[in-house]
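Let me begin by presenting the structure, written as structure tokens, before commenting on it.
In our numbering, the protein residues as written are 6 to 276.
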């Protein structure tokens, strides 16, 4: 016997144990995650209520696509699609295929909602750890999109090395560490300690940051799978990319005073 609760109000139990008794609509699907959406939907769906951030119309991703001469006919691996905003843009710009891997189960299900209501056909979403995927796969991709993921890693240098092994072109948006001062927002990152590290011969420094308990317990949290993360400096990130062969680097945007810590967006490719 199905014990689902018939309701059109905000669910008080498991979101997957509900009935929607109103007329079928895209908004019903979005409201499975009511008040949890980060992204504002694209203009053609402006009548639908979701989040507020313009991830479906991101100027930095658009810069990258233009910088590399477009994505038409290219195969793309996307790491951590969150709510499918970048996936949507890549499909609209003509990518041949987009494989998007998301470990957070709520974010993964949100991507499936987006895939359905926006009729995405070139995107495939997989639920799981993209680091494990990159460790095991022999598949090569024309482009890897790594937006908002590097600074959530335990071992960011490993991720860069794995990316370089699977593709010759990457878009990277990430926070980085800088010595706290009036010219940056590193004090907002709440770094606990630092340690010297080495990955496949690349020596670097890692800065450990604990996720606040108040953040870890929210349904909207989409950070790493552990209670802490390790970040690198901007210099070490760039040197790491070069070390693993992605030596042609163009900075598209750099904001040392970004709200949650210094951040950079860049394109890196093999010469």
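Positions of the beta carbon are idealized from the N, C-alpha and C atoms, including for glycine.
For residue i, the three-state DSSP class (helix, strand or coil)
i, result
"residue 126", "coil"
"residue 270", "strand"
"residue 80", "strand"
"residue 52", "coil"
"residue 136", "helix"
"residue 20", "coil"
"residue 99", "coil"
"residue 255", "strand"
"residue 239", "helix"
"residue 25", "coil"
"residue 262", "coil"
"residue 10", "With a pLDDT of 40 at residue 10, under the threshold of 50, the modelled position of this residue cannot be trusted; read the value that follows with caution. Residue state, collapsed to three classes: strand."
"residue 121", "helix"
"residue 57", "coil"
"residue 42", "coil"
"residue 201", "strand"
"residue 278", "The structure shown does not extend to residue 278, since the chain is modelled only from 6 through 276, so no value can be given for it."
"residue 5", "With the chain covering 6 to 276 only, the question about residue 5 has no answer from this structure."
"residue 233", "strand"
"residue 144", "coil"
Contact belief for residue i with residue j at Cβ below 8 Å, rounded distance in angstroms
i, j, result
"residue 95", "residue 103", "5 Å"
"residue 189", "residue 267", "5 Å"
"residue 172", "residue 146", "5 Å"
"residue 65", "residue 93", "That pair is no contact at about 15 Å."
"residue 111", "residue 207", "Actually they do not touch by this definition, with Cβ atoms about 34 Å apart."
"residue 45", "residue 57", "5 Å"
"residue 214", "residue 233", "6 Å"
"residue 100", "residue 162", "Not quite, the Cβ-Cβ distance comes to about 28 Å (not below 8 Å), so this is no contact."
"residue 276", "residue 247", "Going by Cβ atoms, the distance from residue 276 to residue 247 rounds to 10 Å, so no, they are not a contact pair."
Contact check, residue i vs residue j, beta carbons under 9 Å
i, j, result
"residue 135", "residue 106", "yes"
"residue 78", "residue 128", "no"
"residue 55", "residue 42", "yes"
"residue 274", "residue 174", "yes"
"residue 212", "residue 199", "yes"
"residue 250", "residue 169", "yes"
"residue 238", "residue 210", "yes"
"residue 2", "residue 81", "Because the chain in this structure spans residues 6 to 276, residue 2 falls outside the shown range and cannot be described."
"residue 139", "residue 154", "no"
Cβ neighbours of residue i in the same chain (closer than 7 Å, five flanking residues each side left out)
i, result
"residue 243", "254"
"residue 122", "31, 34"
"residue 166", "204, 205, 249"
Same chain, Cβ closer than 6 Å to residue i, neighbours up to 5 away in sequence not counted
i, result
"residue 156", "179, 180, 236"
"residue 69", "176, 272"
"residue 17", "Confidence at residue 17 is low in this model, with a pLDDT of 48, below 50, so its placement is unreliable and the value that follows should be read with caution. Excluding positions up to five away in sequence, the list is empty."
"residue 270", "65, 178, 257, 258"
Own chain residues within Cβ distance below 8 Å of residue i, not counting five before or after
i, result
"residue 284", "The structure shown does not extend to residue 284, since the chain is modelled only from 6 to 276, so the question has no answer here."
"residue 264", "190, 193"
"residue 47", "61, 62, 93, 123"
"residue 98", "70, 75, 76, 77"
Near the ligand ATP: residue i beta-carbon under 8 Å from a heavy atom
i, result
"residue 176", "Of ligands this structure carries none, so the ligand ATP is not represented either."
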